[in-house]
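Data block below; observations after.
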Amino acid sequence: MAEFYDALPVDFIEPGETTTVDVDGFPVAVANVDGEFYAFQNLCPHQGSKLGGRALDEGCFIICPTHASRYDVRSGACVRPSSSDGFNQDLMVFPTRVQDDVVQIQI
Numbered sequence: 001m002a003e004f005y006d007a008l009p010v011d012f013i014e015p016g017e018t019t020t021v022d023v024d025g026f027p028v029a030v031a032n033v034d035g036e037f038y039a040f041q042n043l044c045p046h047q048g049s050k051l052g053g054r055a056l057d058e059g060c061f062i063i064c065p066t067h068a069s070r071y072d073v074r075s076g077a078c079v080r081p082s083s084s085d086g087f088n089q090d091l092m093v094f095p096t097r098v099q100d101d102v103v104q105i106q107i
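Take 1 as the starting number for the sequence shown in full-length UniProt numbering and just add one per residue.
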């Protein structure tokens, strides 16, 4: 059964930013979108480039540094496929919640 794990304090990342955390041995990226937290797989499904640790584009999109795939961190949807070959796969996303000023992620 999936459970929630403490990931980071809410003040660890500013709105428009992302970071990476290890949740139960799994690398997860966390984004702050106007004070709401979203968690998604840290590696691009195309060629495994790291996504977390970058600023968001237009407040809610993360862009892969390798082939410019663009993902909506709120849903994981691939909104622009890879510039090299059109690869188009959504990101895995994980439920989040805030408890006692700590972002928790369900894995």
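From the three backbone atoms N, C-alpha and C, an ideal C-beta is built for every residue, glycine too. Computed from a predicted structure; not experimentally measured.
Problem set entry | Paired residues, beta bridge with Val-93 - DSSP | Sequence index remark: in the sequence shown, residue 93 carries index 93 (1-based). Val-93 is bridged by DSSP to Phe-40.
Problem set entry | Residue nearest to Asn-32 in terms of C-alpha spacing, selected from Gly-25, Arg-54, Leu-43 | The residue you call residue 32 lines up with position 32 of the sequence shown. With respect to the C-alpha of Asn-32, the residue from Gly-25, Arg-54, Leu-43 having the closest C-alpha is Arg-54.
For this session: Just the C-alpha distance for Ala-39 and Tyr-71, rounded to the nearest angstrom, thanks.
Result: Start at 1 with the first residue of the sequence shown, and residue 39 comes out as number 39. Start at 1 with the first residue of the sequence shown, and residue 71 comes out as number 71. If I take the Cα positions, the gap works out to 12 Å.
Problem set entry | Bounding residues of the beta strand (DSSP E) (the contiguous stretch that carries Ser-87) | As a position in the sequence shown, residue 87 is number 87, starting the count at 1. In the sequence as presented, Ser is not what sits at residue 87; that position holds Phe. No beta strand (DSSP E) holds Phe-87; DSSP gives it neither H nor E.
Exercise. What is the DSSP secondary structure of Val-33, reduced to helix, strand or coil?
Worked result: For this step, residue 33 is matched to residue 33 along the sequence shown. DSSP, read as helix, strand or coil, puts Val-33 in strand.
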